[in-house]
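A.B. asks: First, the structure itself, so that you have it in front of you.
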Ligand code: CP
Ligand code: NVA
């Protein structure tokens, strides 16, 4: 039962919760008109400390398609944590709206918001996690492969928020994951350990070895939002980790390419790969909408 719960990390969900989200998302994607009044009269506040296209638009459009309403509060309006205490924002918004999506720098700020809210709080990306992305990504993988347990999925790049949620996501559906990151940029060990309770996570430092025989290769930016001061150092550390046609030649010929977007073309991925017929990056982006509609309906279950 997801009713009334927060969604801060996929690790907090049971496998049944995740299969419930994926199965409702499948129905919503197939017949959106059946759900057009599900959240009539409900409101969602979106608190964003960082920029967003997909997360903001898919939540706003998703609420509208379900008959509800969304209010976007960016940093200039909310001044998260400086204009007033996080717990006061939580208490106030709990009196006005039915759910909050928050994109913050620090995951602990989302935890604090959730602790002091009487309504569900959804993590719209923090330094540690991007659960809505991770859930959409496992939805996309299961949509593309009849038996996902038989495929090799590889993430090449930064051991960041997107990878952490992908690891939690694959763990919920019994899919092993191979990761290749430069030394010092691997995913957090405690999160690898959490995922390894259910699946095998292989962490390497050699992107070509990781790519061998892959059915899916996933990447994300080398410089995440908030890490701009590390840009030069990161570009140097990641330069052998670009998803280009040479790296793709190590994977299976039909290997699909995933990226959560926004992509920094010419850095972590080349134009020829992201624009190739094997790229499913816009299917991923579209699925954010369907999966988040399912999440909203389940958390706000009437
Ligand atoms: N993938 C993703 O969350 O995109 P935005 O940053 O544009 O929301
Ligand atoms: N890792 C990226 C993901 C953006 C959706 C970031 O945090 O900026």
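Residue numbers (the numbering used here): 1 to 302.
Glycine included, each C-beta is placed from N, C-alpha and C at the ideal position.
Using CA atoms only, rank isn't needed, just tell me which of 2, 37, 275 and 52 is closest to residue 288.
C.D. replies: With distances taken between Cα atoms, residue 288 lies closest to 52.
A.B. asks: Where does residue 225 sit, in a helix, a strand or coil, going by DSSP?
C.D. replies: Looking at residue 225 - three-state DSSP - the assignment turns out to be coil, as it is neither helix nor strand.
A.B. asks: Just confirm the distance between the C-beta atoms of residue 45 and residue 8, as a whole number of angstroms; I'd bet it's less than 8 Å.
C.D. replies: Rounded, the Cβ-Cβ distance is 16 Å, inconsistent with contact.
A.B. asks: Output the distance between the C-alpha atoms of residue 111 and residue 130, rounded to the nearest integer angstrom.
C.D. replies: Computed Cα separation, rounded: 14 Å.
A.B. asks: Buried or exposed for residue 128, going by 16 or more other Cβ atoms inside 10 Å?
C.D. replies: The residue is buried, with at least 16 neighbouring Cβ atoms inside 10 Å.
A.B. asks: Give the DSSP-derived three-state secondary structure of residue 268 in the structure shown.
C.D. replies: In the structure shown, residue 268 sits in coil (DSSP, three-state: anything other than H, G, I, E or B).
A.B. asks: Short of 6 Å in beta carbon distance, which residues of its chain neighbour residue 202, apart from the five on each side in sequence? Order them along the chain.
C.D. replies: The answer, listed in chain order, is 178.
A.B. asks: Between the region 69-81 and the region 13-27, do at least 3 Cβ pairs fall closer than 8 Å?
C.D. replies: The answer is no - the region 13-27 does not touch the region 69-81, with fewer than three Cβ pairs under 8 Å.
A.B. asks: Give me, in chain order, the residues of the same chain whose beta-carbon lies closer than 7 Å to that of residue 348; leave out the 5 immediate sequence neighbours on both sides.
C.D. replies: Residue 348 cannot be examined here, being either before or after the span of the chain that is shown, 1 to 302.
A.B. asks: On the CB-based measure, 16 or more other CB atoms within 10 Å of its CB, does residue 258 come out buried or exposed?
C.D. replies: Residue 258 comes out buried.
A.B. asks: Pull up the distance between the alpha-carbon of residue 67 and that of residue 271, whole angstroms please.
C.D. replies: The straight-line gap from Cα to Cα measures roughly 38 Å.
A.B. asks: CB-CB under 8 Å to residue 188, same chain, minus the five flanking residues each way: which ones, in chain order?
C.D. replies: Only 128, 159 and 164 meet the Cβ criterion.
A.B. asks: Name the DSSP bridge partner or partners of residue 72?
C.D. replies: Partner(s): 46.
A.B. asks: From which residue to which residue does the alpha helix (DSSP H) around residue 234 run?
C.D. replies: 231-237 is the span of the alpha helix (DSSP H), which, as asked, contains residue 234.
A.B. asks: Using C-beta distances below 7 Å, list every residue in its chain close to residue 244, excluding the 5 sequence neighbours before and after it, in chain order.
C.D. replies: Closer than 7 Å at the Cβ level, and outside the excluded window around residue 244, lie 270 and 273.
A.B. asks: Starting from the Cα of residue 152, find the closest Cα among 56, 251 and 47 and give me that residue.
C.D. replies: Of the candidates 56, 251 and 47, the one whose C-alpha sits nearest the C-alpha of residue 152 is 251.
A.B. asks: Look at the Cβ atom of residue 98, then the Cβ atom of residue 42, and state whether they are nearer than 7 Å.
C.D. replies: Taking 7 Å as the Cβ cut-off, residue 98 and residue 42 qualify as a contacting pair.
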